[in-house]
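**Q**
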Ligand SMILES: [Zn+2]
């Protein structure tokens, strides 16, 4: 039984999004930055923290961090430096991480999601840690240092989100911005994008934020949503039961969708940060930043506006095209080559995305020029609209040129009145009963006959010619 004055709670969410950069090498050494190598293949004295090894800053990591900042509306710091964050953990052989606490590379910024601005606090550059692999079968834990020293940016937001859905939508917008800027592959399933969520609740109308708990290492949109929802419910239960929320770090349990305590929340002073003596501060000049800004290309926001404003696409359709950059690029190329934006959009969202979804491909397996050709043939009445779709599907599947597909599958519309008349005659001869029904006034069997003819003709005759011939023979 509920009482009249039930308190309503507002969930408050801030995020830390960790994104691995797409550099060739690690941030402070020359080891390859690649995913999927054999364990401990990509290591050297520097990223293993051996005595005497010194870090050298990777220029490309700085450039990509700046590009991420520009893509997310940040101000770029003209002066930045590196700090040591000291802690021991088995995945970090140096027992410290080179990070940026006091002078991050990018400041402020934000993105609009569903009409609300979600502000960023800053973006900083740091090195990733290694990976612990818990092998339950052999009851051992192995450590893989390949990821140790991979450049990682941490995108820190203000506590501006108010629901799990809003947080997930924001992460997707950030993911897209990073992918379009060419600085991260955005693959959450490979860990190149990982999220920590700071969650608190407060009674509606309260002036102060509640105590927050941080849920670490969420690596899918579903986990982010589940963890936030569970965490908010847990905190409300605590408060309603007369308890207090404790500031702590929690982990997400995949099996149950719940969160569990990991450690009490540490503050910056616990890490004994100090300026790293091995890496010098960096000064960025306006020319350097300007060059990176010019190299950014069109970002998702501008593309969305173009799709909706210029091409008359619905917001949902635009989002579908934008979600994968290579698909959106392919669409843009087809339009630039002269395809009708609406027709091309339908085909890309239909046949092409179906193929991409089914095969998991990371590129569109046909030339944009071939799509333009097929759409042009359909518009000129040389092939049927249905055959244009079939031809796209076959081109993707067989990897042949669109023209070869059209010829090989006899898709071209031929005006051959004798052949058409013979086909119609044979269809009618097979179903004298249906012909009688038609003559008795049951006109809906006409559609059935059209279907039968089309099955045989497979788009090789113009639908208008088929219809005319059918009527002629039925009405005679
Ligand atoms: Zn190395």
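Residue numbers (this note's numbering): 5 to 480. We treat Cβ as the ideally placed atom computed from N, Cα and C, and that holds for glycine.
Where residue 1 and residue 412 are concerned, what is the direct C-alpha to C-alpha distance, given to the nearest angstrom?
**A** This structure cannot settle anything about residue 1, because the visible part of the chain is limited to 5 through 480.
**Q** Quick check for students: name the residue ranges of the beta strand (DSSP E) that lie wholly in the stretch 82 to 148, counting only runs of 3 or more.
**A** 87 to 90, 100 to 103, 114 to 117, 120 to 131, 135 to 139 and 144 to 148, all fully within the stretch 82 to 148.
**Q** Taking Cβ positions, are residue 255 and residue 266 nearer each other than 9 Å?
**A** yes
**Q** Measuring straight from C-alpha to C-alpha, what distance separates residue 190 and residue 112?
**A** 22 Å
**Q** What does a CB cutoff of less than 6 Å around residue 22 pick up in its chain, not counting 5 residues either side in sequence?
**A** 156, 158 and 198
**Q** Which of the three DSSP states, helix, strand or coil, is assigned to residue 387?
**A** coil
**Q** Taking the straight line between their C-alpha atoms, what separation do you get for residue 227 and residue 169?
**A** 12 Å
**Q** For ligand 1, enumerate in chain order all residues having a CB closer than 6 Å to any of its heavy atoms.
**A** Each of 30, 33, 35, 47, 48, 50, 51 and 153 has a C-beta closer than 6 Å to some heavy atom of ligand 1; these make up the full list, in chain order.
**Q** Cα separation between residue 348 and residue 337?
**A** 10 Å
**Q** Rounded to the nearest angstrom, what separates residue 16 and residue 322 at their Cα positions?
**A** Between residue 16 and residue 322, the C-alpha separation is close to 29 Å.
**Q** DSSP beta-bridge partners for residue 13?
**A** For residue 13, which the question treats as bridged, DSSP gives the partners 207.
**Q** Does residue 415 come out as helix, strand or coil in the three-state DSSP assignment?
**A** coil
**Q** Using CA atoms only, rank isn't needed, just tell me which of 219, 39 and 416 is closest to residue 28.
**A** 39
**Q** Which residues in the same chain as residue 414 place their Cβ atom closer than 8 Å to its Cβ, once the five residues preceding and following it in sequence are excluded?
**A** 462 and 464
**Q** Thinking C-beta only, is residue 181 closer than 9 Å to residue 201?
**A** no
**Q** Okay, do the stretch 391 to 400 and the stretch 422 to 431 touch, 3+ Cβ pairs below 8 Å being the bar?
**A** no
**Q** By how many angstroms is the C-alpha of residue 120 removed from the C-alpha of residue 5?
**A** Residue placement at residue 5 cannot be trusted, given a pLDDT of 43 that sits under 50; the coordinates are not used to answer.
**Q** Just the C-alpha distance for residue 382 and residue 389, rounded to the nearest angstrom, thanks.
**A** 6 Å
**Q** Buried or exposed, going by whether 16 or more other CB atoms sit within 10 Å of the CB of residue 106?
**A** exposed
**Q** Determine the direct distance from the alpha carbon of residue 391 to that of residue 474, and round the result to whole angstroms.
**A** 21 Å
**Q** Count the other CB atoms within 10 Å of the CB of residue 150; is the residue buried (16 or more) or exposed (fewer)?
**A** buried
**Q** Measure the C-alpha to C-alpha separation of residue 50 and residue 235 and round it to an integer number of angstroms.
**A** 39 Å
**Q** Thinking just about the alpha-carbon of each residue, which of 376, 69, 215 and 320 is nearest to the one in residue 268?
**A** 215
**Q** Taking 8 Å as the line, does the beta carbon of residue 436 fall inside it for any heavy atom of ligand 3?
**A** As far as ligands go, the structure on display features ligand 1 and does not contain ligand 3.
**Q** Indicate whether residue 184 and residue 26 have their beta-carbon atoms separated by less than 9 Å.
**A** Contact: no.
**Q** Would DSSP call residue 396 helix, strand or coil?
**A** helix
**Q** As a quick exercise: from 369, 361, 332 and 308, pick the residue whose alpha carbon is nearest that of residue 116.
**A** 308
**Q** Start and end of the beta strand (DSSP E) containing residue 264?
**A** 262 to 268
**Q** Taking the C-alpha atoms as reference points, what is the distance between residue 277 and residue 261?
**A** A direct Cα-to-Cα measurement between residue 277 and residue 261 gives close to 34 Å.
**Q** Below 8 Å CB to CB, which residues in the same chain sit around residue 193 once its five sequence neighbours on both sides are set aside?
**A** 223 and 224
**Q** Tell whether a beta-carbon distance below 9 Å holds between residue 449 and residue 438.
**A** yes
**Q** Give me the DSSP bridge partner(s) of residue 220.
**A** 255
**Q** If contacts are defined as beta-carbon pairs under 8 Å, then residue 263 and residue 238 qualify, I think. What distance do you get, rounded to the angstrom?
**A** 7 Å
**Q** Which residue from 281, 315 and 362 puts its Cα closest to that of residue 340?
**A** Considering only alpha carbons, the answer is 315.
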